[in-house]
Amino acid sequence: MDNSMLFSIFFLFFIFTTFASSTASFSNIHKCSQEQSEALLLFKHTLSSFNSSTNDDCGSYNHPIMMSWNTSTDCCSDWDGVTCDNSTGDVIALDLLCGMLQGTIHPDSSLLNLTHLTHLDLSYNNLNGTLPSWLFSSPSLQYLYLDNNMFSGNVPFDSFTSPSLKSLFLHHNQLGGQIDVQTFPQLTNLTSLGLGYNNFSGELELDSLLSTLTNLDYLDLSYSGFSVTTNNANHYVNPRFSELYLASCKLKVFPNSLRAMKQLYHLDLSSNEIHGQIPHWAGEIGGDLRYLYLQSNLIEGPFPQSICNMSNLGYLDMSNNRFGGLIPQCFGIWISLRMIDMGNNSFQGTIPNVYGDCGNLEGLILNGNQLEGEVPSSLSKCQSLKVVDLGNNHLNGTFPSWLGDLPNLKVLVLKSNNFHGHIQPSATVDSPFPSLLVLDLSHNGFEGQLPAKYFQNFNSMKNVVKSSKEPEYLSMGYGMFKKSLVKLESWDSGKLWPMLYQYHFLTSCPHCFCQVSNPSIQFMLYETLLKKLKQRRALSNSNKGVTALEANIFAWGIGKTWGCSGTYPLLVVKSRLQGLDKKHQYEGIGVWGGAGTFQVMLSYRSF
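Counting with mature numbering (1 follows the signal peptide of the UniProt record, and there is no 0), you get residues -20 to -1, 1 to 587 for the letters of the sequence shown.
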């Protein structure tokens, strides 16, 4: 027998044994046991499904996950959300998030029969009632996600006895009660703990918690109801700590334990009572800190150099504090920065020039300070900018028309400054402001006409996406860009009026604007508004019926005769209008007359 024949025999033998082995392996995959299948079906029968429209958080992922659970199929291979151990057939994981489930988890739930369950995810459902203690004492459970439901009552912290538990998320519920850190020592493997957005009470000593849970690297106590305290003693802290959320925890000082978190990635200390200056050691926090939220505290002093040293910082919010002094030059060289909000402080001087690559910068908010000078044209390098809010400062110069070159700019707020002169169209692009949604130029010294070139290109203002019952841009701010900047439905005149008379502006529209935005104003009729004006004695006899449109800084009329229909954008500019030509029968314009000045506001419903 030659070598080639021997090789062929050995090759065929190898193929046969491999196939036989794989076939045997496949045949050894265990199916779901009847006991576990029955336990899951009993659990299904204790719950019901709800309408998907009641849970917008899940979006298209929302689905009735238990629809596939039935007696005619195998729970390991055919049931959605169920994972089994291939070698034993034991159910080891239930992933039921966004499963459109409602009901309660009973103390004697059939899930107790799933003795090998390591992963239970019931998040983003409408589950309610109290939490049974067995959830926290199961010897096998490692990952427990109960967040974003409607659970209530006190959490049985004294039942936290499972050393296997690694992740516990209870945030966004209605849970209450107090917590004793001494109940946690047995959770030696816990790495992630989310208790935020609940109704807990009492004090929680941060340093003791961190030194007790020595493997913890993620902690969320934001809006939990706890009053978080710190003794600033040198307790042990996991150096691999990565995310810490302590918003609205009544903190008074910067926790000293932050110094030990060498890998901190995300830090939120917003909406607390932290006072004094940022400590000099702040630059030691995290080697790769990307998110730093300090807004809405009582922090004072100059812009800290320690923050300048955070070269990887992407999101910085220092708004609503008591910072002062000059904005440092490091502001202009942060190449990683995507959003910076330093609004509502007392910063002075000029806005620094941008020297580095600012291609990542999407949001620049410096409103409510004491900044002066012109807007630096070097910001034109920041081609990703979506929001620029420089309102309520002392900035001057002419309109920075180069802002129209920014292709992604959605919000431009220059209100309440000292800008002056004519607004000139961009000299470098034919279609300026291609993405603009909100333009606020009120309370400045602009004059002349707004270039029709701008309005012809406001294409992004045409779209109506979803309505809301309140104007977020005027009353709520930007919401950290998590919500759309302006959303409003047809305003009730009673709600609209108090907001209107606070402003001195005229919003007007050239004929080309009708062609672009197909406008249909949603506000009160002119006659209705005049009635309100008379009731408030805001319109003097000398102003009634006076035709003085030529006295406007922006002198355009909006009349029924245009036959416009659709939606208007939000556009706010200052006016020196001395009178109103009633023969046009202005529709939907809010007007206030006082001291020889009219205010006119116009807005679209949403975007």
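Don't be surprised by glycine CBs; every beta carbon is placed ideally from N, CA and C. None of these values were measured; they are calculated from a predicted model.
Using a Cβ-Cβ distance cut-off of 8 Å, the region 46 to 61 and the region 110 to 121 are not in contact, since fewer than three pairs of beta carbons, one from each stretch, lie closer than that value. Bounds of the alpha helix (DSSP H) holding Thr192 are 186 to 192.
Rounded to the nearest angstrom, the gap between the Cα atoms of Leu351 and Asn373 is 5 Å. Contact between Ser411 and Trp382 does not hold, since their C-beta atoms are separated by about 14 Å, which reaches or exceeds 8 Å.
Judged by DSSP in its simplified three-state form, Thr163 adopts helix. For a cut-off of 8 Å, the C-beta gap from Asp200 to His151 is around 6 Å, short enough to register as a contact. The region 35 to 106 is shown to contain whole beta strand (DSSP E) runs of 3 or more residues at 62 to 64, 71 to 75, 81 to 84, 99 to 101, in chain order. In this structure, the CA atom of Phe137 is about 19 Å from the CA atom of Leu100.
Boundaries for His151: no beta strand (DSSP E) harbours it, and the DSSP string shows neither H nor E there. In the pairwise beta carbon analysis, the region 69 to 84 is classified as touching the region 36 to 48: at least three pairs are separated by under 8 Å. Residue environment: Gly343 is assigned as buried (16 or more neighbouring CB atoms within 10 Å of its CB, all protein chains considered). Secondary structure of Arg239 (DSSP, three-state): helix.
Taking the CA atoms as reference points, Met130 sits about 56 Å from Gly401. When rounded, the separation of the alpha-carbon atoms in Leu155 and Leu190 is 22 Å.
Between Ser396 and Gln158, the alpha-carbon positions lie close to 47 Å from each other. Collapsing the DSSP output to three states places Glu15 in a helix. In this structure, the beta-carbon distance from Ser202 to Asp248 falls below 8 Å. Counting only runs that start and end inside the region 235 to 294, the beta strand (DSSP E) elements of at least 3 residues fall at 246 to 248, 271 to 273, 278 to 282. Counting along the chain, Met319 sits inside the beta strand (DSSP E) bounded by residues 319 to 321. Counting only runs of at least 4 residues, the region 330 to 404 fully encloses no alpha helix (DSSP H) element at all. The residues Asp187, Ser191, in chain order, have a CB closer than 6 Å to that of His215 in the same chain once the five nearest residues on each side in sequence are set aside. Nearest to Gln243 by alpha-carbon distance, out of Phe221, Met46, Ile331, Glu253, is Phe221. Take Gly425, set aside five residues on each side of it, and the residues of its chain with a beta-carbon closer than 6 Å to its own are His400, in chain order. DSSP, read as helix, strand or coil, puts Asp410 in coil. In the same chain as Ile254, and ignoring 5 residues on each side of it, the C-beta atoms closer than 7 Å to its own belong to Leu231, Lys232, Val233, Phe234, Asn277, Leu278, Ile279, in chain order.
One thing to note: Pro219 has its Cβ within 8 Å of the Cβ of Ala240. Excluding the 5 residues flanking it on each side, Gly312 has same chain C-beta neighbours closer than 6 Å at Pro332, Asn333, Val334, Tyr335, in chain order. Around the beta-carbon of Pro284, 16 or more other beta-carbon atoms lie within 10 Å, marking it buried.
The C-beta distance from Leu370 to Asn340 rounds to 20 Å, too long to meet the 8 Å contact threshold.
Between Phe23 and Leu91 the beta-carbon gap is near 6 Å, inside 8 Å, which marks them as a contact. Non-local beta-carbon contacts of Leu389 in its own chain, meaning distances under 7 Å to residues more than five positions away in sequence, involve Leu365, Lys366, Val368, Leu383, Phe413, Ser415, Leu416 in chain order.
In the structure shown, the three-state DSSP call for Gly205 is coil.
Per the DSSP secondary-structure output, Met130 pairs in a beta bridge with Asn108. Excluding residues up to 5 positions away in sequence, Leu27, Ser28, Ser29, Phe30, Asn105, Asn106, Leu107, Asn108 lie with their Cβ nearer than 8 Å to the Cβ of Gln82 in the same chain.
One Cα belongs to Leu293, the other to Pro87, and the distance between them is close to 46 Å. Boundaries cannot be given for Gly312, as no beta strand (DSSP E) includes it and DSSP labels it neither H nor E.
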